[in-house]
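*Asks:* I am attaching a structure below and will ask some questions about it afterwards.
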Amino acid sequence: MKKSEVYKLIDLIEIIKQLDELIAVHRKVGDSDFMISQYEAKKTKLMGSLIDELASPPVQSAQSYLLIKMLLNKYYPVKSEQDLIMDGDILKLAAAI
61 MKKSEVYKLI DLIEIIKQLD ELIAVHRKVG DSDFMISQYE AKKTKLMGSL
111 IDELASPPVQ SAQSYLLIKM LLNKYYPVKS EQDLIMDGDI LKLAAAI
């Protein structure tokens, strides 16, 4: 992987981190749901781009998938045991695609 590609990934992660902080601030202050949803939509779009980059063939590796898992756990944490996905759920989701 070229240094420019690494810096691009780092920049994406930094932007996602900043958006997550903005969302937390707006939730704490009690701002409108519209503003929060705008930040969340942008965060989701950037997270998708980051995952696409990490899962692309030139970068694809066990480490890149581990990083994807870590990013998802950090920015989209499981709130309760009920939110955990079981193997049967994964198969159902895969069949629905």
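Sequential numbering of the sequence shown, starting at 61, is according to the working numbering. Think of the CB as a built atom: it goes at the ideal place given N, C-alpha and C, for glycine as much as any other residue. Fair warning: this is a prediction, and the values are worked out from it, not measured in the lab.
Contact between the stretch 78–98 and the stretch 113–127: three or more CB pairs below 8 Å?
*Replies:* no
*Asks:* Using 8 Å as the threshold, is the C-beta distance between residue 107 and residue 135 below it?
*Replies:* Counted from its first residue, the sequence shown places residue 107 at position 47. Counted from its first residue, the sequence shown places residue 135 at position 75. Yes, they are a contact pair.
*Asks:* On the DSSP letters alone, give me the boundaries of the alpha helix (DSSP H) that residue 95 sits inside.
*Replies:* Walking along the sequence shown from the start, residue 95 turns up at place 35. Counting along the chain, the alpha helix (DSSP H) containing residue 95 begins and ends at 93–115.
*Asks:* Which residue's Cα is closest to the Cα of residue 73: 84, 154, 88 and 103?
*Replies:* Here residue 73 is taken as the residue at index 13 of the sequence shown, counted from 1. Ranking the options by Cα distance to residue 73, first place goes to 103.
*Asks:* By how many angstroms is the C-alpha of residue 152 removed from the C-alpha of residue 84?
*Replies:* Position 24 of the sequence shown holds residue 84. Position 92 of the sequence shown holds residue 152. Each residue's alpha carbon lies about 33 Å from the other.
*Asks:* For residue 76, count the other beta carbons within 10 Å of its own beta carbon; 16 or more makes it buried, fewer makes it exposed. Which is it?
*Replies:* One-based indexing of the sequence shown puts residue 76 at position 16. Its Cβ being crowded by 16 or more others within 10 Å, residue 76 is buried.
*Asks:* Buried or exposed for residue 110, please, with buried defined as at least 16 other CB atoms from any protein chain shown within 10 angstroms of its CB.
*Replies:* The residue labelled residue 110 in the question sits at position 50 within the sequence shown. Classification of residue 110: buried, given that the 10 Å Cβ count is 16 or more.
*Asks:* Alpha helix (DSSP H) containing residue 130: first to last residue?
*Replies:* If you number the sequence shown from 1, residue 130 lands on position 70. From DSSP, the alpha helix (DSSP H) with residue 130 extends over 122–135.
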